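Number of protein chains: 2
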Amino acid sequence: MVVRNPHLARLPGSYLFSEIGQRVATLRKARPDAPLIRLSIGDTTEPLPPSVAAHMGERAQAMASQAGYVGYGPERGMEPLRQLLSSAVYQGRIAPDELFVSDGAKCDIGRLQLLFDPSCSVAVQDPAYPAYVDTSLVAGRKVVYWPCTPENGFFPDLDTVEPAPLIFFCSPANPTGAAATRDQLQRLVEYAHAHRSIILYDSAYAPFVRDSQTPRSIFEIDGARQVALEIGSFSKLAGFTGVRLGWTAIPRELSFADGSPLATDWSRIITTFFNGASCLSQWGGVACLQPDGLQAIDQLATYYLSNAALLRAPLEAAGLSVYGGRQAPYLWVHTPGRDSWELFAHLLHTAHLVVVPGAGFGPSGRNFLRLSAFGTRPSMEEAAHRLAAATI
Amino acid sequence: MVVRNPHLARLPGSYLFSEIGQRVATLRKARPDAPLIRLSIGDTTEPLPPSVAAHMGERAQAMASQAGYVGYGPERGMEPLRQLLSSAVYQGRIAPDELFVSDGAKCDIGRLQLLFDPSCSVAVQDPAYPAYVDTSLVAGRKVVYWPCTPENGFFPDLDTVEPAPLIFFCSPANPTGAAATRDQLQRLVEYAHAHRSIILYDSAYAPFVRDSQTPRSIFEIDGARQVALEIGSFSKLAGFTGVRLGWTAIPRELSFADGSPLATDWSRIITTFFNGASCLSQWGGVACLQPDGLQAIDQLATYYLSNAALLRAPLEAAGLSVYGGRQAPYLWVHTPGRDSWELFAHLLHTAHLVVVPGAGFGPSGRNFLRLSAFGTRPSMEEAAHRLAAATI
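So the sequences go chain by chain: H and U. Per the working numbering, the first sequence starts with residue 29, numbered consecutively. Per the working numbering, the second sequence starts with residue 29, numbered consecutively.
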């Protein structure tokens, strides 16, 4: 008798973006010619920097020769890639041997669940990226929501929230677009020290930080190495949503309550449940972190932020409060008194705009919409026109 | 207080191949010029077919243009790839919508653990690929060993084994190289029906099957669709150990004891814990399954089987019983009365040959060595010379 994992029943029927995809497919079936614009899933649309595509292309071609062929890679990822992450992303704050290359942040979020006893509850920003909650539910954890609203500047009130041993924290945040300040992150790190918690810090949107005072990594904060690990991604950094590449940084000081180091178990987990990111993706990552690559990918972030400004204008003109979009590719639009799934359907059917209902990110999101600024300039201009004409 | 997952303590300290890697590294440090030959990890060494490398290279280059760029792919994998797997690998026995593209068999073996209640024990062939056991231990399962020895022709005695709801089964098998016959697999399927078990069938080595009577897929067996899923891989099929690509086939008839379909939960799991295989790898997979690609990858399998024949000769000349190697890239060498880790050290230090101690695959492997035939012809010729000279 094969018994289903009972925790699967705790999940909503579909992953949020699958659910949206199904609703869009239904519309497409009924109205095949509807000129849809997607402001929904955070999917990059701009071509890769030429130096990155060229390097991947050359290395792929070379796989047909004995000299260029590679099989299984090093367990923690290619050495040059870890060296470059250490220097270019972490300015040496994280050593190459504290970095573990992966096929993306979402996959590592799922694998991280394997490290901890199911009795360890997890706190998430409310609203938050659904993978934190969904993977925690499958692992059998209790999930604690830490409200992040306009009233608290989208930073949890650490004096009143329910503590949890594990804390997922994303900054700049998905979906609110809020970038935590140095002071806020310092308080979060102190909180983790005081409560003996571990922060699972998601820096996927760090490339959008423009203000030199805003930290791009939790490891810019004193004391973080004892209480935090960090999950990073090339998806938004370099448009690698399809290429697949990410990493997790685990400082050697980080340990469980029994004193044993997390990194030892993480190494065991990735060698057992994973077999490395594609060599092609890793070569692409190496090209991204060269000086010309870094410049090109920074321009990509600037491009998407200009899209965000385009989308913001008509919404603010309509009198709505719009958050995010300045150091993040997402706008978080407050629509008081309106149910977000109803507004989703309204915009889909009347303006052919696909947005994400805030309720999909947690209870505090139910009167919000998330608009993604990933898109081509012409489509974002058209979307801005439609937003100006729409009644929200 | 962050508590370590207690199941992690059930694992051996290192993943088998990590342990071997560390022992080799120690030797390399002491004797940097030792001319090592690896007959250990099953890592492909031959270049990719030119058509495959060229297609991946072109698509990678095209990612620098708007027309060639892609972001997140379809959740189950690219449609053309699933169509080709359905036709070229499964001759239509499995439909495209029953196929889920992954970044490799090992990763899917880990994710499959999420489907089932931890109370479901798992049976493995003994000896078996360590990932079956290690991922099951982390999931909290009891592991039941089904001895596969020369005495039973490396097929478990189904009349006497301890039943289990989940059965990992690999054919051609790693490490024994035994390819189960149609009759044996028919009995396994009937056993699963009788015990209401599910077979997690690993067909990673199917490309090495040469005998037209030997099944390459569990779905060649009547009744398998109700009791089996199948994990497949491009690693050995096409030398994609570094490129990373695999799949899992889940027939729509396959269900839990409560009658709910496995495929629904699997779809939920891969959208939550995974984000698709690299688009570059998927394009490579499409090229592999074109007629010229299929021909080229079949030649690769033939090449490695010729290596296996080279290695077999000196071992048999020394009077050893050697199994496998005819429809699998592994030789399974019987060394009665000899401890396999001692023999591993002996061959490493005296002949500079890296083999895998059979004990690493399970209790029934303790008097065996696994030799991998993945390697270049010159290195395999040299390895054969050294084996002829070695005292085993």
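Idealized CB from N, CA, C, for every residue including glycine. Note that the structure is a prediction, hence the values are computed from the model and not measured.
Q) Under a three-way DSSP split, which group does Q119/U fall into? A) Counting from one through the second sequence, the residue named residue 119/U turns up at place 91. In the structure shown, Q119/U sits in coil (DSSP, three-state: anything other than H, G, I, E or B).
Q. Per DSSP, what kind of secondary structure is A222/H in: helix, strand or coil?
A. One-based indexing of the first sequence puts residue 222/H at position 194. Reduced to three states, the DSSP call for A222/H is helix.
Q. Which runs of the beta strand (DSSP E) fall wholly inside the segment 338 to 387 of chain H and span at least 3 residues, in chain order?
A. 349 to 352, 358 to 362
Q) Using the rule of at least 16 other Cβ atoms within 10 Å of the residue's Cβ for burial, across every protein chain shown, is E258/H buried or exposed? A) On the first sequence, residue 258/H is found 230 positions in, with the first residue counted as 1. Flag for E258/H reads buried.
Q) Is there a Cβ from chain U that is less than 8 Å from the Cβ of R56/H? A) Taking the first sequence and counting its residues from 1, the one referred to as residue 56/H is at position 28. It does not; no Cβ of chain U falls within 8 Å.
Q. Would A81/H be called buried (16 or more neighbouring beta carbons within 10 Å of its own) or exposed?
A. In the first sequence, residue 81/H corresponds to position 53, counting from 1. Classification of A81/H: buried, given that the 10 Å Cβ count is 16 or more.
Q: Can you pull the chain H residues whose beta carbon is under 9 Å from the beta carbon of C135/U, in chain order?
A: Here residue 135/U is taken as the residue at index 107 of the second sequence, counted from 1. Result: D131, C135, F301, F302, N303.
Q. When Cβ atoms are compared, which residues of the segment 318 to 339 of chain H fall closer than 7 Å to chain U?
A. Only those residues of the segment 318 to 339 of chain H whose C-beta falls short of 7 Å from the nearest C-beta of chain U would be listed, and there are none.
Q: Give the range of the alpha helix (DSSP H) segment to which Y100/H is assigned.
A: Along the first sequence, one-based indexing puts residue 100/H at 72. Counting along the chain, Y100/H falls outside any alpha helix (DSSP H), and DSSP gives it neither H nor E.
Q: Within 10 angstroms of the Cβ of S115/U, are there 16 or more other Cβ atoms? Answer buried if so, exposed if not.
A: What you label residue 115/U is simply residue 87 of the second sequence in a count that begins at 1. Label assigned to S115/U: exposed.
**Q.** Environment of Q212/H [buried if 16+ CB atoms lie within 10 Å]
**A.** Taking the first sequence and counting its residues from 1, the one referred to as residue 212/H is at position 184. Result: buried.
**Q.** G70/U to R238/U span [Cα, whole Å]
**A.** Here residue 70/U refers to the residue found at position 42 when the second sequence is read from its first residue. Here residue 238/U refers to the residue found at position 210 when the second sequence is read from its first residue. Cα to Cα, the separation comes out at about 19 Å.
**Q.** Test: S68/U CB closer than 8 Å to a CB of chain H
**A.** Taking the second sequence and counting its residues from 1, the one referred to as residue 68/U is at position 40. Cβ-Cβ to chain H under 8 Å: no for S68/U.
Q.
Using only the alpha-carbon positions, how far apart do S368/U and E409/U sit?
A. For the purposes of this step, residue 368/U is taken as residue 340 along the second sequence, with counting starting at 1. For the purposes of this step, residue 409/U is taken as residue 381 along the second sequence, with counting starting at 1. Cα-Cα distance, rounded: 23 Å.
Q) Using a beta-carbon distance below 8 Å, is A81/H in contact with chain U? A) Along the first sequence, read from residue 1 onward, the residue named residue 81/H stands at position 53. True, the Cβ-Cβ gap to chain U drops below 8 Å.
Q. How is the alpha helix (DSSP H) around F45/H delimited, first residue to last?
A. As a working note, residue 45/H is residue 17 in the first sequence. 44 to 58 is the span of the alpha helix (DSSP H), which, as asked, contains F45/H.
Q | Chain-ordered chain H contacts of E103/U [CB-CB under 7 Å] | A | For this step, residue 103/U is matched to residue 75 along the second sequence. Those within 7 Å of E103/U in chain H are S46.
Q: Identify whether E126/U lies in helix, strand or coil by the three-state DSSP scheme.
A: In the second sequence, the residue the question calls residue 126/U occupies position 98. Looking at E126/U - three-state DSSP - the assignment turns out to be helix.
Q: Could you tell me if P11/U is buried or exposed, where buried requires 16 or more neighbouring beta carbons within 10 angstroms of its beta carbon?
A: Nothing can be reported for residue 11/U: it is not among the residues displayed for chain U, which extend from 29 to 420.
Q: Evaluate D125/U with the Cβ neighbour count: other Cβ atoms within 10 Å of its Cβ, from every protein chain shown; 16 or more gives buried, anything less gives exposed.
A: To locate residue 125/U, count along the second sequence from 1; it is residue 97. Classification of D125/U: exposed, given that the 10 Å Cβ count is below 16.
Q: Can you tell me the Cβ-Cβ gap for P155/H and G393/H, rounded? I've got them flagged as a contact below 8 Å.
A: Here the question's residue 155/H lines up with position 127 in the first sequence. Here the question's residue 393/H lines up with position 365 in the first sequence. 4 Å between Cβ atoms; contact.
Q.
For a test of the three-state rule: what should DSSP assign to R215/H, helix, strand or coil?
A. Start at 1 with the first residue of the first sequence, and residue 215/H comes out as number 187. Note: R215/H maps to helix in three-state DSSP.
**Q.** C-alpha distance - L143/U paired with D293/U, whole-angstrom precision
**A.** By one-based count along the second sequence, residue 143/U stands at place 115. By one-based count along the second sequence, residue 293/U stands at place 265. D293/U has its alpha-carbon roughly 7 Å from the corresponding atom of L143/U.
(Q) Between T72/U, W360/U, N335/U, which has its C-alpha nearest Y100/H's C-alpha? (A) The residue labelled residue 100/H in the question sits at position 72 within the first sequence. Closest option to Y100/H, Cα to Cα, is T72/U.
Q: Grab me the residues of P289/H's own chain with a C-beta within less than 6 Å of its C-beta, minus the 5 sequence neighbours each way, in chain order.
A: Counted from its first residue, the first sequence places residue 289/H at position 261. Result list for P289/H: S283, in chain order.
**Q.** Length of the line joining the Cα atoms of V189/U and S93/U
**A.** Counting from one through the second sequence, the residue named residue 189/U turns up at place 161. Counting from one through the second sequence, the residue named residue 93/U turns up at place 65. Distance between the alpha carbons of V189/U and S93/U is about 58 Å.
Q | Sequence-distant residues of the same chain with beta carbon closer than 6 Å to A234/U, five excluded per side | A | Within the second sequence, numbered from 1, the residue matching residue 234/U stands at position 206. Closer than 6 Å at Cβ, skipping near neighbours: R244.
(Q) For chain H, check one thing: does any of its Cβ atoms lie closer than 8 Å to the Cβ of D293/U? (A) Against the second sequence, residue 293/U aligns to sequence position 265. Closer than 8 Å to some Cβ of chain H, the Cβ of D293/U qualifies, so yes.
Q. Using 8 Å as the limit for Cβ to Cβ distance, is C316/H near chain U?
A. In the first sequence, residue 316/H corresponds to position 288, counting from 1. So, not an interface residue.
Q. Leaving out the 5 sequence neighbours to the left and right, which residues in its chain are closer than 7 Å to T269/U when beta-carbon positions are compared?
A. On the second sequence, position 241 is the one that residue 269/U refers to. Counting only Cβ-Cβ distances below 7 Å, and skipping sequence neighbours, we find D71, T72, S263.
Q: Kindly indicate if chain H contains any beta-carbon less than 8 Å away from that of Y118/U.
A: Translated into the one-based positions of the second sequence, residue 118/U becomes position 90. Output row for Y118/U: interface = no.
Q: For the beta strand (DSSP E) holding F301/H, just list the boundary residues, first then last.
A: Along the first sequence, read from residue 1 onward, the residue named residue 301/H stands at position 273. Premise fails: F301/H lies in the alpha helix (DSSP H), 290 to 301, not in any beta strand (DSSP E).
Q | Rounded C-alpha distance that separates H362/H from A95/H | A | The residue given as residue 362/H occupies position 334 in the first sequence. The residue given as residue 95/H occupies position 67 in the first sequence. Approximately 56 Å between the Cα atoms of the pair.
(Q) If you follow the alpha helix (DSSP H) that Y160/U is in, where does it begin and where does it stop? (A) Sequence index remark: in the second sequence, residue 160/U carries index 132 (1-based). 158 to 166 is the span of the alpha helix (DSSP H), which, as asked, contains Y160/U.
Q: Please list, in chain order, all residues of the same chain as V217/U whose beta carbon is under 8 Å from its beta carbon, the five residues on each side excluded.
A: On the second sequence, residue 217/U is found 189 positions in, with the first residue counted as 1. Annotation for V217/U: I227, I246, I249, D250, G251, A252, V255, A256 place their beta carbon closer than 8 Å to its own, counting only its chain and skipping 5 residues before and after.
Q. Helix or strand or just coil, what does DSSP make of L39/U?
A. By 1-based counting over the second sequence, the position of residue 39/U is 11. Here L39/U sits in coil by DSSP.
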